[in-house]
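Visitor: What follows is a structure written as structure tokens; I'll ask about it next.
In the UniProt record's numbering, the protein residues as written are 1 to 428.
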């Protein structure tokens, strides 16, 4: 038995009436403090969130451009991949784990312009805002250095910079205001409310404004100007809100709407149009001024619900994913499917909604595979599939989002964990 475990056992078995108890307890407490400091280096606890040490490290001398997995998932740089080195290098991807102790994280969102913040929403109705630079700093700091930090230093360097509480049910969607000078976050929940938070003041935990709805909120997205908010709910009717007045606008033609719940809404980069995905198996393109549907892609995924949609940066293409486990790229000008990305481990109907996304350069398409709990990646132009990357989750992937500015992404699962993945800079 080592000294740490011996000290712990002494605390439990010492009789309180012995005269030497105080000295022994004091010594035992010193060992416990050291032990806790060591454990704190492994996991930093603040309320319900824990940031754990990285599971794997990327050796800096390894050239990531030789690995298709690292290129597609993390490095995202040009260069001819070497398929023979994929396995060795993919084991050295840098990952930092974030664990919600009592609740499953249901949604992520990176701050659009700089990608320096991440917002999470979870089943326990809380919202947490994390600083990306602090997550990176924690992952590269040695364990003994973390164990020597004072409580004040730990608070100053902890990745979670805000925790917001104002919902009474699961938080289903969050989005940052597109203006980087404004510290505003909007959230939607199953409690039938939309809330806008000003997180510039650390002491404020409650929402600045509240918008009541008639159905549980499923998805929302800020207009690029930040003046309007697009909202999809359990009801089929799409909502458009003026952020300043909270007035609601809907299409004047009821036939424009989906036939059932709206799964995702996304604005085009210029704000002139938006796209919606529905449980009815279709996705629709809308005029951003008149709120009229201009095109409907019926049975886009062979009748299966459409889980996610997003515009390409030039606004000419739509990337969609469905519960049929397929990912497709559509051309808006012709209305036809250009590429179907196949080869993911999941086949047939999925249980959960999975999101397909572009990486920050749009060179690759990323899709979390439900069956294998891994990440599937394709070349966005020729649909060349790369090798699956294990995400190391113990449950289905609930949410996946890529940074808009750098080679980093986050994944969350029903195992109550979130993982932050990034490419470590190559040093000489």
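Cβ atoms here follow ideal geometry from the backbone N, Cα and C, with glycine treated the same way.
Am I right that residue 238 and residue 228 are in contact with their C-beta atoms under 8 Å? What's the rounded C-beta distance?
Guide: Position 238 of the chain shown holds residue 238. Position 228 of the chain shown holds residue 228. Between residue 228 and residue 238 the Cβ distance is about 12 Å, and since that is not below 8 Å, they are no contact.
Visitor: Quickly, what does DSSP pair residue 275 with across the bridge? List them, please.
Guide: Stepping through the chain shown from its first residue, residue 275 is reached at position 275. For residue 275, which the question treats as bridged, DSSP gives the partners 266, 285.
Visitor: Given this structure, state the Cα-to-Cα distance separating residue 272 from residue 362, to the nearest angstrom.
Guide: Translated into positions along the chain shown, residue 272 becomes position 272. Translated into positions along the chain shown, residue 362 becomes position 362. Going by the C-alpha atoms only, they are around 21 Å apart.
Visitor: Could you check the C-alpha separation between residue 81 and residue 371 for me, to the nearest Å?
Guide: The count along the chain shown starts at 1 and reaches residue 81 at position 81. The count along the chain shown starts at 1 and reaches residue 371 at position 371. Unreliable positioning characterises residue 81 in this predicted model, as indicated by a pLDDT of 33, which lies under 50. The coordinate reading is nonetheless provided below. Each residue's alpha carbon lies about 27 Å from the other.
Visitor: Residue 188: which of 286, 207, 355, 394 sits nearest, CA to CA?
Guide: What you label residue 188 is simply residue 188 of the chain shown in a count that begins at 1. It is 207 whose Cα lies nearest to the Cα of residue 188.
Visitor: Quick one: what's got a C-beta closer than 8 Å to residue 336's C-beta in the same chain, skipping five residues either side?
Guide: One-based indexing of the chain shown puts residue 336 at position 336. Answer for residue 336: 330, listed in chain order.
Visitor: By the 10 Å Cβ neighbour count, where 16 or more other Cβ atoms means buried, how is residue 394 classified, buried or exposed?
Guide: Counting from one through the chain shown, the residue named residue 394 turns up at place 394. Under this definition residue 394 is an exposed residue.
Visitor: Helix, strand or coil for residue 159 per DSSP?
Guide: Residue mapping note: residue 159 aligns to position 159 of the chain shown, counting from 1. DSSP places residue 159 in coil when its eight states are reduced to three.
Visitor: Quick one: grab the DSSP three-state call for residue 202.
Guide: Here residue 202 corresponds to residue number 202 of the chain shown, with the count starting at 1. Residue 202: coil per DSSP, three-state reduction.
Visitor: How do the stretch 247-257 and the stretch 297-308 stand: do at least 3 beta-carbon pairs fall below 8 Å, yes or no?
Guide: no
Visitor: Would you kindly check if the distance between the Cβ of residue 121 and the Cβ of residue 179 is under 8 Å?
Guide: Reading the chain shown from its first residue, position 179 is the one you call residue 179. Reading the chain shown from its first residue, position 121 is the one you call residue 121. Going by C-beta atoms, residue 179 is not nearer than 8 Å to residue 121.
Visitor: If you draw a straight line from the C-alpha of residue 78 to the C-alpha of residue 383, how long is it?
Guide: In the chain shown, the residue the question calls residue 78 occupies position 78. In the chain shown, the residue the question calls residue 383 occupies position 383. Caution applies to residue 78, whose pLDDT of 24 falls short of 50 and renders its modelled position unreliable; the value that the coordinates give is listed next. Cα-Cα distance, rounded: 16 Å.
Visitor: State the Cα-Cα distance for the pair residue 312 and residue 388, rounded to the nearest angstrom.
Guide: Against the chain shown, residue 312 aligns to sequence position 312. Against the chain shown, residue 388 aligns to sequence position 388. Looking at the backbone, the Cα of residue 312 and that of residue 388 are separated by about 24 Å.
Visitor: Pick out whichever of 293, 309, 396, 196 has its Cα sitting closest to the Cα of residue 166.
Guide: If you number the chain shown from 1, residue 166 lands on position 166. Comparing Cα positions, the closest option is 196.
Visitor: Work out the CA separation of residue 357 and residue 194 for me, nearest whole Å.
Guide: Walking along the chain shown from the start, residue 194 turns up at place 194. Walking along the chain shown from the start, residue 357 turns up at place 357. Answer to the nearest angstrom: the Cα atoms are 25 Å apart.
Visitor: Going along the chain, which residues of its own chain have a beta-carbon closer than 6 Å to the beta-carbon of residue 200, five neighbours each way excluded?
Guide: On the chain shown, position 200 is the one that residue 200 refers to. Excluding positions up to five away in sequence, the list reads 183.
Visitor: Below 8 Å between beta carbons: does that hold for residue 245 and residue 262?
Guide: What you label residue 245 is simply residue 245 of the chain shown in a count that begins at 1. What you label residue 262 is simply residue 262 of the chain shown in a count that begins at 1. Contact: no.
Visitor: What three-state label does DSSP hand residue 236 in the structure shown?
Guide: Taking the chain shown and counting its residues from 1, one reaches residue 236 at position 236. Coil at residue 236, not helix or strand.
Visitor: Run through DSSP, which three-state label would residue 380 get?
Guide: By 1-based counting over the chain shown, the position of residue 380 is 380. Looking at residue 380 - three-state DSSP - the assignment turns out to be coil, as it is neither helix nor strand.
Visitor: At which residues does the beta strand (DSSP E) containing residue 328 begin and terminate?
Guide: Here residue 328 refers to the residue found at position 328 when the chain shown is read from its first residue. Start and end: 327-331.
Visitor: What is the residue span of the beta strand (DSSP E) that residue 407 lies within?
Guide: The residue labelled residue 407 in the question sits at position 407 within the chain shown. Element bounds for residue 407: n/a, residue is neither H nor E.
Visitor: Ignore the nearest five residues each way along the sequence and tell me which others in residue 354's own chain have a CB closer than 7 Å to its CB.
Guide: Along the chain shown, read from residue 1 onward, the residue named residue 354 stands at position 354. Closer than 7 Å at the Cβ level, and outside the excluded window around residue 354, lie 307, 321, 367, 368, 370, 397.
Visitor: Suppose you measure from the CA of residue 117 to the CA of residue 324; what does that come to, to the nearest Å?
Guide: On the chain shown, residue 117 is found 117 positions in, with the first residue counted as 1. On the chain shown, residue 324 is found 324 positions in, with the first residue counted as 1. A direct Cα-to-Cα measurement between residue 117 and residue 324 gives close to 32 Å.
Visitor: For residue 212, which beta-bridge partners are listed by DSSP?
Guide: Here residue 212 is taken as the residue at index 212 of the chain shown, counted from 1. DSSP lists 193 as partners of residue 212.
Visitor: Applying the 10 Å Cβ sphere with the 16-neighbour rule, what's the burial state of residue 203?
Guide: Counting from one through the chain shown, the residue named residue 203 turns up at place 203. The residue in question, residue 203, is exposed, as its Cβ has fewer than 16 Cβ neighbours within 10 Å.
Visitor: Cβ of residue 126 within 8 Å of Cβ of residue 164?
Guide: For the purposes of this step, residue 126 is identified with residue 126 of the chain shown, where counting begins at 1. For the purposes of this step, residue 164 is identified with residue 164 of the chain shown, where counting begins at 1. In this structure, residue 164 lies closer than 8 Å to residue 126 by Cβ.
Visitor: Exposed or buried, residue 290, counting other C-beta atoms within 10 Å across all chains shown (16 or more means buried)?
Guide: Translated into the one-based positions of the chain shown, residue 290 becomes position 290. Residue 290 should be labelled exposed.
Visitor: In the DSSP assignment, find the beta strand (DSSP E) that holds residue 246 and state where it starts and stops.
Guide: Locating residue 246 in the chain shown gives position 246, counting from the first residue. It is not in any beta strand (DSSP E) - residue 246 carries neither H nor E in the DSSP assignment.
Visitor: Buried or exposed: residue 19, going by 16 or more other Cβ atoms within 10 Å of its Cβ?
Guide: The residue given as residue 19 occupies position 19 in the chain shown. Residue placement at residue 19 is poorly supported in this model, since its pLDDT is 42, which falls under 50; the coordinates still yield a value, given next. Its Cβ having fewer than 16 others within 10 Å, residue 19 is exposed.
Visitor: So which of 230, 282, 411, 159 has the shortest CA-CA distance to residue 176?
Guide: Here residue 176 corresponds to residue number 176 of the chain shown, with the count starting at 1. Out of 230, 282, 411, 159, 230 has the C-alpha closest to the C-alpha of residue 176.
Visitor: For residue 215, which option in 190, 224, 288, 223 has the closest C-alpha, if you only look at C-alpha atoms?
Guide: In the chain shown, the residue the question calls residue 215 occupies position 215. For residue 215, the nearest C-alpha among the options comes from 190.
Visitor: Using a Cβ-Cβ cut-off of 7 Å (strictly less than) and excluding sequence neighbours within five positions of residue 249, which residues of its own chain qualify?
Guide: The count along the chain shown starts at 1 and reaches residue 249 at position 249. Excluding positions up to five away in sequence, the list reads 240, 291.
Visitor: Ordered along the chain, which non-local residues of its own chain (more than five positions away) have a Cβ less than 7 Å from that of residue 352?
Guide: As a working note, residue 352 is residue 352 in the chain shown. Cβ neighbours of residue 352 beyond the five flanking positions: 370, 396, 398.
Visitor: Using the Cβ count rule (16 or more neighbours within 10 Å means buried), how would you classify residue 359?
Guide: Within the chain shown, residue 359 is the residue found at index 359, counting from 1. Classification of residue 359: buried, given that the 10 Å Cβ count is 16 or more.
Visitor: Pick from 410, 423, 137, 274: whose alpha carbon is nearest that of residue 319?
Guide: Counting from 1 along the chain shown, the entry for residue 319 is found at position 319. Answer by Cα proximity: 274.
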